[in-house]
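Line by line, the protein sequences are chains V and E. Numbering-wise (my numbering), the first sequence opens with residue 1 and increments by one. Numbering-wise (my numbering), the second sequence opens with residue 161 and increments by one. Accompanying notes for the structure given below.
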Amino acid sequence: MDVEQTVLPGIGLRHEFTTRSGRRIGVVSHRTGRRDLVIYDPDDPDRACETVKLNDEEADALVELLGAPRIVQRLNALHREVEGLVSVQLPIAPHSPYAGRPMGEAQVRTRTGASIVAVARAGHVFASPAPDFILSGDDIVVVVGSEDSTAAVADIFASG
Amino acid sequence: MHNTAILFLEFGAVVLGLGILGALALRVGISPIPLYLIAGLAFGTGGILPLATSEEFTATGAELGVILLLLTLGLEYNADELMTSLKGNARAGLVDLVLNAAPGAVLALLLGWGPVAAVAMAGVTYATSSGITAKVLSDLGWIGNRETPVVLSLLVFEDLTMAVYLPVLTAMLAGLSLVAGAVTVAIALAAVSVVLLVALRFGRYIEAFVASPNSEVLVLKVVGLALLVAGLAQQLQVSAAVGAFLVGIALSGELAEDAQALLAPLRDLFAAVFFVFFGLQTDPTKILPAAGLAAGLALVTMITKLMTGIYAARRAGIARAGRVRAGIALIPRGEFNIVIAGLAVAAGAHPDLGALAAAYVLILAAFGPLAARLVQPLLVRVASRA
């Protein structure tokens, strides 16, 4: 699927794409923060037959409705595809032997076979952290692997 | 003291009257510009209600209106957008220039008004009103349409052309010799290039200087800078309006949005005063004789704008209905055309030029948006049948 981006001088940006059923939809992002959800006329593909103005709050609500269930669906699908694969969130305790040390020193993948895919810290998510990423207490490490290997990772972070 | 009282009474009555006219225009769904012009005609010499003392005050207000109109126009675009639009749409922009400048110039030459008036009339018929067109696009829900970027980049191209055209016109109106005129134009071109370069490379520093979390400080700094540069430009015979436009372009990003929002009420007030002032200067008894000529010119330039839009949209791969919409959206003329005619009248061009330009803009500022409204349902029907 190709999303087309067009600059609207003086107004902002427009993104649009065609759905598999042949309908064209787009979003006009005004510089003021306003968003227009645009649906194109099937008879005249250049004309917006419906334009729905959305403020920040409404745009967020729409994103959540369309986006959140999709992410859960995709995670579930991932789990179904690879039998026995789980993702767990492991909190790093402040007294963990790895708090304040580079993540690579734990040698998680070599020792257990599980992978660290992200670290969440104070509301921020660091996706695919490098081995020199310094872990600290209260970080939440997202690990993907088998049930046994993720449990082993939890042991490593708890007691070395 | 007595004079001040009369000044306030007259000026207050005019502005209040404009407010009422604006409300009327809003209700009918047309641009208020033609109504402001008519109000100016009524208050001017030979009108129904000639003003006694406030004309000089109005004149200064009108000058400020032009500066603010161009400053806010410049704020709307950033240098990146101007450069992309220049690269991608140069050919459509040139077609627009040739097709729409020619009718005004040819008419002025046929009337025997001379080359200077021809250049001024070329500008009057060339520029689409970006203000009215933007309003048409948003009122009719055309902003999401796929032909709209074509229309917008043509408007950007026109505005850039103005940055070159206005100094040329100013030089010609001042009656400068060929050499002096060439020097002025060279200065203007150099100034435009330098400002674009500075805005692209060092925009951050200007913004750092102007930026302020306090809206009062921001307004004072932006208006002060615009007036200073406008005065400097005028001193160099480059046209004050271009100076203000360049200041607007140099500022971009969040700062430009804030400044635009803060300056909008100020611009609306002084721009309205400007339109009234132009009406004041025009002799209403000359409007009717000019009306036939203006209507003919309006018809011809409606067709040329339509052709421009169809050509540009076709190049962008837009289907038939969208091409017509692009052309229709370009028809309205308004503030710029009056600014150009105002410059020409102030410099003492042919006396009938003001009346012709006023009648011409009256027709197209009112009929342009109306045409778009009328055509919309027709195009939907044609498209669904095809």
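The C-beta atom is built at its ideal place from N, Cα and C for all residues, glycine as well. None of the values given here were measured: they were computed from a predicted structure.
Neighbours of residue 312 of chain E across chain V, judged by C-beta separation under 8 Å: 8, 9, 10, 11. Assigned with DSSP and collapsed to three states, residue 48 of chain V falls in strand. Within 10 angstroms of the beta-carbon of residue 263 of chain E lie 16 or more other beta-carbons, which makes it buried.
Interface flag for residue 44 of chain V against chain E is set, since a Cβ pair is found closer than 8 Å. Within chain E, the C-beta atoms nearer than 7 Å to that of residue 28 of chain V come from 303, 304, in chain order. Of the other Cβ atoms in all chains shown, fewer than 16 fall within 10 Å of the Cβ of residue 55 of chain V; this residue is therefore exposed. With a threshold of 8 Å between beta carbons, residue 528 of chain E makes no contact with chain V. Setting aside the 5 residues that flank it on each side, residue 535 of chain E is surrounded in the same chain by 484, 485, 488, each with a C-beta closer than 8 Å to its C-beta; the list follows chain order. Of the residues assessed, residue 305 of chain E falls on the buried side of the cut-off, its CB having 16 or more other CB atoms within 10 angstroms. Under DSSP, residue 87 of chain V shares a beta bridge with V:144.
Not one beta carbon of chain E lies nearer than 8 Å to the beta carbon of residue 132 of chain V. A distance below 8 Å separates the beta carbons of residue 399 of chain E and residue 326 of chain E.
Chain V places a beta carbon closer than 8 Å to that of residue 241 of chain E, counting this residue as a contact. For residue 353 of chain E, the enclosing alpha helix (DSSP H) begins and ends at 338-370.
Residues of chain E whose Cβ lies closer than 7 Å to the Cβ of residue 38 of chain V are, in chain order, 304. Per DSSP, the beta-bridge partners of residue 102 of chain V are V:134.
Around the beta carbon of residue 408 of chain E, 16 or more other beta carbons lie within 10 angstroms, which makes this residue buried. Excluding residues up to 5 positions away in sequence, 140, 142 lie with their Cβ nearer than 6 Å to the Cβ of residue 89 of chain V in the same chain. Counting along the chain, residue 24 of chain V sits inside no alpha helix (DSSP H); it lies in the beta strand (DSSP E) bounded by residues 24-30. Residue 478 of chain E reaches chain V at 46, counting residues in chain order whose Cβ is nearer than 8 Å. Assignment of residue 237 of chain E by DSSP, reduced to helix, strand and coil, places it in the coil class.
The beta carbon of residue 502 of chain E is closer than 7 Å to those of 438 in its chain, skipping five residues each way along the sequence.
Nearest to residue 479 of chain E by C-alpha distance, out of E:254, E:540, E:260, E:507, is E:540. Taking residue 192 of chain E as the centre and dropping the five residues before and after it, the same chain places the C-beta of 181, 182, 185 closer than 7 Å to its C-beta, in chain order. Judged by DSSP in its simplified three-state form, residue 19 of chain V adopts coil rather than helix or strand. For a Cβ distance threshold of 8 Å, residue set 9, 10 of chain V lies close to residue 237 of chain E, ordered along the chain. Neighbours of residue 51 of chain V in chain E, taken as residues whose beta carbon is under 8 Å from its own, are 301, 303, 304 in chain order. Here residue 369 of chain E is exposed. Its C-beta has fewer than 16 other C-beta atoms within 10 Å.
Distance between residue 62 of chain V and residue 396 of chain E, taken at the CA atoms: about 54 Å.
For residue 431 of chain E, the uninterrupted alpha helix (DSSP H) run begins and ends at 413-441, by DSSP. Look at the segment 110-122 of chain V: it has no residue with a C-beta under 7 Å from a C-beta of chain E. Under DSSP, no beta-bridge partner is assigned to residue 480 of chain E. The C-beta separation of residue 4 of chain V from residue 86 of chain V comes to about 38 Å, leaving the pair out of contact by the 8 Å criterion. Here DSSP, grouped into helix, strand and coil, assigns residue 7 of chain V to strand. Excluding its 5 nearest sequence neighbours in each direction, residue 402 of chain E has C-beta neighbours in its own chain below 7 Å: 323, 326, 327, 348, 393, listed in chain order.
Straight-line measurement puts the Cα of residue 415 of chain E at about 7 Å from the Cα of residue 367 of chain E.
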